[in-house]
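Asker: Numbering follows numbering that gives the first Met the number 0, with no gaps: position 241 of the sequence shown is 240.
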Amino acid sequence: MKFTDGFWLMRDGVQASYATEVRGVRSDADRFTAHAAIKRVERRGDTLNSPLLTVDCFSPAEGVIGVRTTHLAGKRRLGPDFALPGTDTGVGAVRRDGDLIELTSGPLTVRLDTAAPWELAFSDADGRPVTSAGRKGTAFFTTGDGAHHMAGRLALGVGEQVYGLGERFTPFVKNGQVVDMWQADGGTSSEQAYKNVPFSLHLSPAGAYGVFVNHPGKVSYEIGSESVGHMQFSVEDQSLEYYVVAGPTPKEVLRRYTALTGRPALPPAWSFGLWLTTSFTTQYDEETVTSFVDGMAERDIPLSVFHFDCFWMREYEWSNFTWDPDVFPDPEGMLARLKERGLKISVWINPYIAQKSDLFDEAAAAGYLVKRPNGDIWQWDLWQAGMALVDFTNPEAGAWFKSKLKVLLDQGVDCFKTDFGERIPTDVRWHDGSDPERMHNYYTHLYNRTVFELLEKERGTGEAVLFARSATAGGQQYPVHWGGDCWSSFGAMAESLRGGLSLSLSGFGFWSHDIGGFEGTPDPAVFKRWLAFGLLSSHSRLHGSSSYRVPWEFGDEAVDVARLFTRLKHRLMPYLYGAAAEAQQAGVPLMRPMLLEFPGDPTARALDRQYMLGPDLLVAPVFTADGDVEYYLPEGTWTHLLTGEHVQGPAWRRETHGFDSLPLYVRPGAVLPLGSDTGRPDGDWLEDLTLLVTPDAHQVTVTVPDHSGRPAAVYEVTRDATAGAATVTPSAGREAPRTVGSVDL
Numbered sequence: 000m001k002f003t004d005g006f007w008l009m010r011d012g013v014q015a016s017y018a019t020e021v022r023g024v025r026s027d028a029d030r031f032t033a034h035a036a037i038k039r040v041e042r043r044g045d046t047l048n049s050p051l052l053t054v055d056c057f058s059p060a061e062g063v064i065g066v067r068t069t070h071l072a073g074k075r076r077l078g079p080d081f082a083l084p085g086t087d088t089g090v091g092a093v094r095r096d097g098d099l100i101e102l103t104s105g106p107l108t109v110r111l112d113t114a115a116p117w118e119l120a121f122s123d124a125d126g127r128p129v130t131s132a133g134r135k136g137t138a139f140f141t142t143g144d145g146a147h148h149m150a151g152r153l154a155l156g157v158g159e160q161v162y163g164l165g166e167r168f169t170p171f172v173k174n175g176q177v178v179d180m181w182q183a184d185g186g187t188s189s190e191q192a193y194k195n196v197p198f199s200l201h202l203s204p205a206g207a208y209g210v211f212v213n214h215p216g217k218v219s220y221e222i223g224s225e226s227v228g229h230m231q232f233s234v235e236d237q238s239l240e241y242y243v244v245a246g247p248t249p250k251e252v253l254r255r256y257t258a259l260t261g262r263p264a265l266p267p268a269w270s271f272g273l274w275l276t277t278s279f280t281t282q283y284d285e286e287t288v289t290s291f292v293d294g295m296a297e298r299d300i301p302l303s304v305f306h307f308d309c310f311w312m313r314e315y316e317w318s319n320f321t322w323d324p325d326v327f328p329d330p331e332g333m334l335a336r337l338k339e340r341g342l343k344i345s346v347w348i349n350p351y352i353a354q355k356s357d358l359f360d361e362a363a364a365a366g367y368l369v370k371r372p373n374g375d376i377w378q379w380d381l382w383q384a385g386m387a388l389v390d391f392t393n394p395e396a397g398a399w400f401k402s403k404l405k406v407l408l409d410q411g412v413d414c415f416k417t418d419f420g421e422r423i424p425t426d427v428r429w430h431d432g433s434d435p436e437r438m439h440n441y442y443t444h445l446y447n448r449t450v451f452e453l454l455e456k457e458r459g460t461g462e463a464v465l466f467a468r469s470a471t472a473g474g475q476q477y478p479v480h481w482g483g484d485c486w487s488s489f490g491a492m493a494e495s496l497r498g499g500l501s502l503s504l505s506g507f508g509f510w511s512h513d514i515g516g517f518e519g520t521p522d523p524a525v526f527k528r529w530l531a532f533g534l535l536s537s538h539s540r541l542h543g544s545s546s547y548r549v550p551w552e553f554g555d556e557a558v559d560v561a562r563l564f565t566r567l568k569h570r571l572m573p574y575l576y577g578a579a580a581e582a583q584q585a586g587v588p589l590m591r592p593m594l595l596e597f598p599g600d601p602t603a604r605a606l607d608r609q610y611m612l613g614p615d616l617l618v619a620p621v622f623t624a625d626g627d628v629e630y631y632l633p634e635g636t637w638t639h640l641l642t643g644e645h646v647q648g649p650a651w652r653r654e655t656h657g658f659d660s661l662p663l664y665v666r667p668g669a670v671l672p673l674g675s676d677t678g679r680p681d682g683d684w685l686e687d688l689t690l691l692v693t694p695d696a697h698q699v700t701v702t703v704p705d706h707s708g709r710p711a712a713v714y715e716v717t718r719d720a721t722a723g724a725a726t727v728t729p730s731a732g733r734e735a736p737r738t739v740g741s742v743d744l
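In structure tokens form, the structure reads like this:
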């Protein structure tokens, strides 16, 4: 939200109050509190009739410094608040030296000179500036409508670029943008977002740091937009709390941030295979589903998961969690027949209960539905006629919701697509008394957590997986998330990738999208290019709205492309699951923007049409029908995975690729483990293992995980610099795998 009218003036009706000078400091061993006047105090009378801001500086975790600014402390704190499982105590240390007071946590320090004009100055372990909240950096504003806004403003260094803030489909680098944290079902082609995360990652020539605004409600960002040299964030509240997260690398920032807000669970290995759905509004029954599964098998396209979208339930009754008996008269038998073919089963759900559903009266009588302030059940007709909303702030409502889903798990369902969760009203009263404005974004966290907890309980740790659309900070703990409703075009394919890369820099380890696009029917060229992109993503799903996404609908070549890249992904599983385990253990995403692996390369910092899949595989999707693609290779000798061609970087390249190819390069010095089983993602990865050894790989340790993410085998690869031959030393009891220079499919 903008408060100023250019550099000199305020907007009509806005009054600004900025922290100006320190009027007292209290300190403990691990925190300090400063009181800041909003004007220069030159005589005793200046202390009257004027606000005093309370600024608390503390450390919630190693390498993280929190700042909480409060105007009027008497406002009731209704919640909800972000759960921060990584919070620690006693990790900060305060030092006072005359007028200077500082708090240090790990490599990060904040300093306040009590005799100087107000400034909170953050620096790294070597004393180099990170950022600062100086003049006008700590403030509150009142507006003509009586609203009260707390604001923070941090300096942006020369060349500093800002990323993240959730899954945003606007330009990848957020400088110059106005961004509001407010969940919305807006598709992928606007400034609205399904996944709003008030965390930004900052990268400059001096290094990286992060900023997390610890407020689940609407946070309004001005990123070099109101004041071009600053990032401003504001909330309509009486207090504002934000955390500066130390680097110095982007990976270190994500490690610290996800340690604080929660690391993602490790999805089961089978979930990395190809998912096929019924699509949304298409006609389907068991015969249709069986024809799809038979068609994939007849065409030798491996399939891992079959998903039933909304109309597995009766129309007007979403959600009743009951199979439409007219369409699926024998759901248990059908699911058993599908599972005999080695498939896992996913079904669509949402947290809404339509009035026609048998569950509506049951939930209403028990008090499980969200109410208006006057006690009426909140309802509307958008999406489902007369639908109401499950109140997950009521533990009994959450248990009731789980009990309905457990019936489906007992029937043979393996996972859920947790759709929606964004259009949450604010004219309501929550069971636990939560603030409706703060609950609007946070609701999705309760929804996805409820379903994920059930899956972990019933299927066991390591077997739970969602296909979720909405999320906020901390939602990365409940993977997987997908990009939502996009159009079936090359432009939508590119905007989907931008959104996924932004989400990955917001702490989310796993992300997917609808191959071919959701709305409309893709041109065969779009579908085939999207197949390669989708099967070189974290998770891979064929899904559409009003038309099917089975490959043969788009021609014989589409079938060949689907087969090729599905089998390639299966071969890559020993490598991909190792990278997935890294996401679980260190918070580094599987799909990585180039800047995450190459933060010192200025060219890599703005790239949003290519990415690293894990640490060692560069993917540049093709966004044209004729195969023209432009991409960038950082320094070193890169090896094309499919052809074995060696290309020297740094270099921009322009090429033309057929539908069976794309720029797909192994990083210089890497060794890529490749499985032999092309038929499934969760096979025996050590059987006939192959190591792809790049020319610059001289001494590399390769770890192949088991299906729990723990090491199953370790290999030491050594290349003789003179002879060029690679020697592989396996761990005890293992055979040495063969080595190659490219993949032979």
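For every residue, glycine included, the Cβ atom is placed at its ideal position computed from N, Cα and C.
Source: prediction; values computed, not measured.
(1) By Cβ distance, which residues of its chain are closer than 7 Å to P350, with the 5 residues on each side in sequence left out?
(2) Looking at C-alpha atoms only, which residue of R95, S199, R458 is the closest neighbour of Q410?
(3) Could you tell me the alpha carbon to alpha carbon distance between W7 and F81, rounded to whole angstroms?
(4) On the DSSP bridge list, what partners appear for N195?
(5) Where does T257 sit, in a helix, a strand or coil, going by DSSP?
(6) From this set, R652, F271, S675, K355, which residue's C-alpha is nearest K343's C-alpha?
(7) Between the alpha carbons of A264 and E225, how many angstroms are there, rounded?
(8) Evaluate V227 with the Cβ neighbour count: other Cβ atoms within 10 Å of its Cβ, from every protein chain shown; 16 or more gives buried, anything less gives exposed.
(9) Quick check: what's the CA-CA separation for A296 versus T289?
(10) Tell me which residue opens and which closes the alpha helix (DSSP H) that F451 is part of.
(11) Does DSSP put Q182 in a helix, a strand or coil?
(12) Check each candidate in F526, Y367, V646, G246 and name the one with the smallest Cα separation from P633.
(13) Give the straight-line distance between the Cα atoms of Q191 and A146, rounded to the nearest whole angstrom.
(14) Shortest alpha-carbon distance to V665 belongs to which of N373, W684, T636?
(15) Quick check on the DSSP output: what are the complete beta strand (DSSP E) runs of length 3 or more inside the segment 78-106, in order along the chain?
(16) Mind checking H697: buried by the 16 CB within 10 Å criterion, or exposed?
(17) Hey, how far is the Cα of N393 from the Cα of E240?
(18) On the three-state DSSP scale, how would you describe Q813?
(19) Report all residues from its chain with a CB closer than 7 Å to the CB of P247; omit the five preceding and five following residues, and keep chain order.
(20) Relative to the C-alpha of F279, which candidate in D513, I100, G397, L107 has its C-alpha closest?
(21) Is it buried or exposed for L99, if we count other Cβ within 10 angstroms and need 16 for buried?
(22) Is it true that the CB of T471 sits closer than 8 Å to the CB of P680?
(23) Which residues mark the beginning and the end of the alpha helix (DSSP H) in which T565 is found?
(24) Are there three or more Cβ pairs, one per stretch, closer than 8 Å when the segment 170-183 is compared with the segment 37-48?
(25) Just mark E159 as buried or exposed, buried being the case when its beta carbon has 16 or more other beta carbons within 10 Å.
(26) On the criterion of 16 or more Cβ atoms from any shown chain inside 10 Å, does L616 qualify as buried, or is it exposed?
(27) Under 8 Å, do V29 and G89 count as touching if we go by C-beta distance?
(28) To the nearest whole angstrom, what separates the beta carbons of S303 and W274, a pair I think is in contact under 8 Å?
(29) What did DSSP end up calling C56 once you bin it into helix, strand or coil?
(30) For Q14, list the residues DSSP reports as bridge partners.
(31) Please work out which residues of its chain come closer than 6 Å, Cβ to Cβ, to A669, disregarding the five sequence neighbours upstream and downstream, and give them in chain order.
(32) To the nearest angstrom, how far is it from the Cα of S488 to the Cα of D522?
(33) How about V479 and S537: are their beta carbons less than 8 Å apart?
(34) Between F526 and G519, is the Cβ-Cβ spacing less than 8 Å?
(35) Tell whether a beta-carbon distance below 8 Å holds between K568 and L534.
(36) Assuming T130 and L153 form a contact by the criterion Cβ under 8 Å, report the distance between their Cβ atoms to the nearest whole angstrom.
Answerer: Based on what the coordinates show:
(1) Sequence-distant Cβ neighbours of P350 in its own chain, meaning closer than 7 Å and more than five residues away, are L388, V389, F419, G420, Y446.
(2) By alpha-carbon distance to Q410, the top candidate from R95, S199, R458 is R458.
(3) So the two alpha carbons sit approximately 37 Å from each other.
(4) Residue pairing for N195: DSSP places it in a beta bridge opposite G165.
(5) Here T257 carries a helix assignment [DSSP, helix/strand/coil].
(6) Ranking the options by Cα distance to K343, first place goes to F271.
(7) Going from the Cα of A264 to the Cα of E225 covers about 38 Å.
(8) So V227 ends up on the exposed side.
(9) Taking the straight line joining both Cα atoms gives about 11 Å.
(10) Annotation: the continuous alpha helix (DSSP H) that includes F451 extends over 435-458.
(11) In the three-state reduction of the DSSP assignment, Q182 falls in the strand class, which pools E and B.
(12) Per the C-alpha coordinates, the member of F526, Y367, V646, G246 positioned closest to P633 is V646.
(13) If I take the Cα positions, the gap works out to 23 Å.
(14) Looking only at N373, W684, T636, the smallest Cα-Cα distance to V665 is reached by T636.
(15) Entirely contained in the segment 78-106, the beta strand (DSSP E) runs reaching 3 residues are, in chain order, 92-96, 99-104.
(16) Counting Cβ neighbours within 10 Å, H697 comes out exposed, since fewer than 16 surround it.
(17) When rounded, the distance between both Cα atoms is 27 Å.
(18) No statement about residue 813 is possible, as the shown extent of the chain runs from 0 to 744 and does not include it.
(19) Excluding positions up to five away in sequence, the list reads D123, G206, A207.
(20) Of all alpha-carbon atoms in D513, I100, G397, L107, the one lying nearest the alpha-carbon of F279 is that of D513.
(21) Classification of L99: exposed, given that the 10 Å Cβ count is below 16.
(22) No; because the gap between Cβ atoms is not below 8 Å, this pair is not in contact.
(23) For T565, the enclosing alpha helix (DSSP H) begins and ends at 555-570.
(24) The segment 170-183 is not in contact with the segment 37-48.
(25) Counting Cβ neighbours within 10 Å, E159 comes out buried, since at least 16 surround it.
(26) Counting every other CB atom within 10 Å of its CB across the protein chains shown gives L616 a total of 16 or more, marking it as buried.
(27) Reading off the sequence, residue 29 comes out as Asp, not Val. Yes. Within cutoff.
(28) Beta-carbon to beta-carbon, S303 and W274 are separated by about 7 Å, close enough to satisfy the 8 Å threshold.
(29) The three-state secondary structure of C56, taken from DSSP, is strand.
(30) Per DSSP, T141.
(31) The residues D615, T693, in chain order, have a CB closer than 6 Å to that of A669 in the same chain once the five nearest residues on each side in sequence are set aside.
(32) Computed Cα separation, rounded: 8 Å.
(33) Going by C-beta atoms, V479 is nearer than 8 Å to S537.
(34) No, Cβ-Cβ distance for F526 and G519 is not below 8 Å.
(35) In this structure, L534 lies closer than 8 Å to K568 by Cβ.
(36) Confirmed, about 5 Å.
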